[in-house]
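Chains as they are written, first to last, in my numbering: chain W, 1 to 79; chain R, 1 to 497. Here the structure is laid out as structure tokens; the discussion comes afterwards.
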């Protein structure tokens with residue numbers, strides 16, 4: 001038997017841990033990012049608990065951002 | 001016993017007697033099912049201890065003593081591993097699909113094996129023979145639980161104290177329904193003080209769906225978790241004490257409202273506003289039957305908050321308690337009244353259904369018909385959550401909340417994962433250490449309904465694996481290699497999870 005979590009259950013677990021992921025779309029995006037790292041498939045319907053724990057406990061990954069010279073810098077306005 | 005210390009006619013050597021009694025304090029005697037009255041048995045045990053003999057039941061020539069020694073060994077093994085009877089019953093119920101109260105020998109041993117309890121052949125033989133005298137090849141596990149966790153008696157200070165079998169059975173027979181109820185309330189209070197979910201973990205009656213009637217046999221089985229093994233007549237008397245209209249079944253609400261301490265019931269207080277404070281009391285006159293929605297919301301939230309402060313585990317914020325019991329409801333598309341009530345009972349609060357329904361309606365909007373649980377928890381305690389990728393109504397949020405929000409996730413996956421890790425780890429640091437594996441496992445368990453023994457050896461394996469899973473990223477490959485090379489260990493771990 002597999003011991004895995006669906007996106008909804010992961011959202012509930014994060015809620016229990018004190019993180020609120022609002023909206024279905026955001027959770028889907030987050031799920032895709034996690035599933036890409038664990039199952040190499042952003043459409044995976046469930047993910048292994050131990051793999052999830054490994055991922056969430058690990059240190060930050062290195063991110064290689066593509067250089068975008070021709071796009072203006074995005075600003076976020078609060079309020 | 002006094003006969004052995006007799007020194008003459010009507011004379012007893014009390015010094016010797018007291019010395020003998022001192023060697024066997026009541027606690028030890030209770031744990032090992034030894035009573036000072038059985039002097040011969042004590043002498044045999046002493047001899048065994050001095051000769052450093054291993055546990056050999058054949059050394060007892062008397063079969064009854066051999067059985068007793070075997071049962072004593074079983075009791076010691078089980079009581080070392082399992083602290084509360086609810087865990088044991090939960091393990092048996094996993095194998096008792098039809099809820100007959102009986103399971104086969106194999107399942108019985110498997111259930112004990114979940115806690116890492118392994119019995120010797122002689123112990124198994126004696127145990128099965130004593131638990132199944134009619135040789136039906138199955139065991140009524142309620143009897144076993146009653147054996148391992150002896151009943152309790154209520155002393156004059158109105159505190160439940162565990163005693164040995166004989167005294168307890170005598171006391172049990174003379175316990176009135178009011179005494180029994182008082183004992184139930186003490187157990188509930190103890191469980192509540194340990195934290196959210198403990199009530200449901202320790203006491204099976206709080207794991208029921210919450211909308212059913214409970215019959216006599218089910219009630220007797222539930223009461224075993226409280227250390228009460230009652231006869232049919234006693235259980236019926238208790239049932240009628242809780243609900244005078246009950247015949248052979250009792251409604252769940254009636255049963256729970258009786259079991260919870262009286263100050264856990266928010267029925268009258270919340271509605272009248274008496275428990276909230278003078279401001280509400282002055283605004284709400286008795287002539288007005290119904291409070292306005294804002295007043296009601298203010299009153300009920302204040303009452304719940306105060307109740308959680310007072311009854312919940314010390315030092316655990318209100319929001320954390322609620323977050324823990326309500327998080328399971330997030331998986332449902334629509335939160336039902338029964339589920340919501342059940343979640344509240346998990347933290348020791350029982351409200352009238354009408355009040356509960358009204359509270360739920362306050363957190364529903366036409367555009368969002370499902371109840372907004374997170375909004376409710378934030379109203380109770382605004383420091384409960386950090387926000388990840390929030391797209392909520394930021395206009396209504398405080399500036400602090402907005403700053404916590406992360407921008408819309410049109411970013412590389414690795415960056416998103418990093419943000420999630422960072423927020424999660426800072427949140428866990430704020431809340432105190434908490435294992436991610438444990439929380440994830442909770443949410444998987446509720447789907448599959450699997451049982452994890454909390455005090456078993458296998459649980460230790462899982463904790464060890466939890467450590468491996470929390471290795472830093474640089475060590476992840478090492479952890480993976482360790483996991484793959486120890487296939488057996490990994491299987492044990494996975495099974496336990």
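A virtual CB, placed ideally from N, CA and C, is assigned to each residue, including glycine.
{"Check": "Going along chain W in order, which residues have a C-beta closer than 7 Å to the C-beta of residue 414 (chain R)?", "Outcome": "61, 63"}
{"Check": "Can you round the beta-carbon distance between residue 202 (chain R) and residue 193 (chain R) to whole angstroms, since I take them to be within the 8 Å contact cut?", "Outcome": "So it is not a contact: roughly 11 Å between Cβ atoms."}
{"Check": "At 9 Å on the CB atoms, spell out the chain W contacts of residue 385 (chain R), in chain order.", "Outcome": "15, 18, 19, 20"}
{"Check": "So what does DSSP say about residue 4 (chain W), is it helix, strand or coil?", "Outcome": "strand"}
{"Check": "With 8 Å as the limit, tell me which residues of the segment 314 to 325 of chain R have their beta carbon closer than that to any beta carbon of chain W; keep them in chain order.", "Outcome": "320, 323, 324"}
{"Check": "The alpha helix (DSSP H) with residue 217 (chain R) in it runs from where to where?", "Outcome": "216 to 224"}
{"Check": "To the nearest whole angstrom, what separates the beta carbons of residue 444 (chain R) and residue 11 (chain W), a pair I think is in contact under 8 Å?", "Outcome": "That pair is no contact at about 14 Å."}
{"Check": "Suppose you measure from the CA of residue 252 (chain R) to the CA of residue 348 (chain R); what does that come to, to the nearest Å?", "Outcome": "15 Å"}
{"Check": "Mind checking residue 361 (chain R): buried by the 16 CB within 10 Å criterion, or exposed?", "Outcome": "exposed"}
{"Check": "Checking 8 Å against the spacing of the C-beta atoms, do residue 377 (chain R) and residue 326 (chain R) come in under that value?", "Outcome": "yes"}
{"Check": "Using a cut-off of 9 Å between C-beta atoms, extract the partners of residue 248 (chain R) located in chain W.", "Outcome": "Ordered by position in chain W, no residue passes the 9 Å Cβ test against residue 248 (chain R), which lies about 38 Å from the chain."}
{"Check": "Taking all protein chains shown into account, decide if residue 43 (chain W) is buried (16 or more other Cβ within 10 angstroms of its Cβ) or exposed.", "Outcome": "exposed"}
{"Check": "Which whole runs of the alpha helix (DSSP H) in the segment 348 to 393 of chain R are 4 residues long or more, in chain order?", "Outcome": "353 to 362, 373 to 380"}
{"Check": "Taking the beta carbon of residue 18 (chain W) as the centre, do at least 16 other beta carbons fall within 10 Å, making it buried, or is it exposed?", "Outcome": "buried"}
{"Check": "Using a threshold of 8 Å, state whether the C-beta atoms of residue 358 (chain R) and residue 296 (chain R) are closer than that.", "Outcome": "yes"}
{"Check": "Within 10 angstroms of its Cβ, does residue 248 (chain R) collect 16 or more other Cβ (buried), or is it exposed?", "Outcome": "exposed"}
{"Check": "Does residue 41 (chain W) come within less than 8 Å of chain R when only Cβ atoms are used?", "Outcome": "no"}
{"Check": "For the alpha helix (DSSP H) that residue 138 (chain R) lies in, which residues bound it at each end?", "Outcome": "Note, residue 138 (chain R): premise wrong, no alpha helix (DSSP H); beta strand (DSSP E) at 138 to 140."}
{"Check": "Would residue 62 (chain W) be called buried (16 or more neighbouring beta carbons within 10 Å of its own) or exposed?", "Outcome": "exposed"}
{"Check": "Going by CA-CA distance only, name the one from R:343, R:414, R:182 that's closest to residue 197 (chain R).", "Outcome": "R:343"}
{"Check": "By the 8 Å beta-carbon criterion, what residues does the segment 45 to 61 of chain W contribute toward chain R?", "Outcome": "49, 50, 52, 53, 54, 55, 56, 57, 58, 59, 60, 61"}
{"Check": "Which residues in chain R sit within 9 Å of residue 34 (chain W), going by Cβ to Cβ distance?", "Outcome": "413, 416, 417, 420"}
{"Check": "Where does the unbroken beta strand (DSSP E) through residue 104 (chain R) begin, and where does it stop?", "Outcome": "102 to 104"}
{"Check": "If the cut is a Cβ gap below 8 Å, which residues of chain W does residue 444 (chain R) touch?", "Outcome": "3, 4, 5, 9, 49"}
{"Check": "Taking the alpha-carbon positions, what's the residue 428 (chain R) to residue 30 (chain W) distance?", "Outcome": "19 Å"}
{"Check": "Chain W beta carbons: is any one of them nearer than 8 Å to that of residue 365 (chain R)?", "Outcome": "no"}
{"Check": "Cβ of residue 327 (chain R) less than 8 Å from any chain W Cβ?", "Outcome": "yes"}
{"Check": "Note the first and the last residue of the continuous alpha helix (DSSP H) segment covering residue 258 (chain R).", "Outcome": "252 to 259"}
{"Check": "Going by DSSP, what residue range makes up the beta strand (DSSP E) through residue 21 (chain W)?", "Outcome": "19 to 21"}
{"Check": "So, do the segment 82 to 96 of chain R and the segment 133 to 148 of chain R have three or more beta carbon pairs nearer to each other than 8 Å?", "Outcome": "yes"}
{"Check": "Thinking residue 229 (chain R) and residue 302 (chain R) are a contact (beta carbons under 8 Å), I'd like their distance in whole angstroms, please.", "Outcome": "With 8 Å as the limit, residue 229 (chain R) and residue 302 (chain R) do not qualify as a contact, their Cβ atoms being about 41 Å apart."}
{"Check": "For residue 316 (chain R), tell me which candidate among R:432, R:238, R:127 has the shortest Cα-Cα distance.", "Outcome": "R:432"}
{"Check": "Just the chain W side, please: which residues come within less than 8 Å of residue 423 (chain R) by C-beta, in chain order?", "Outcome": "19"}
{"Check": "Taking DSSP as the reference, what is the three-state secondary structure of residue 12 (chain R)?", "Outcome": "strand"}
{"Check": "Quick check: the Cα distance between residue 128 (chain R) and residue 105 (chain R), rounded to an integer number of angstroms?", "Outcome": "8 Å"}
{"Check": "Under the rule that 16 or more other beta-carbon atoms within 10 Å means buried, what is residue 324 (chain R), buried or exposed?", "Outcome": "buried"}
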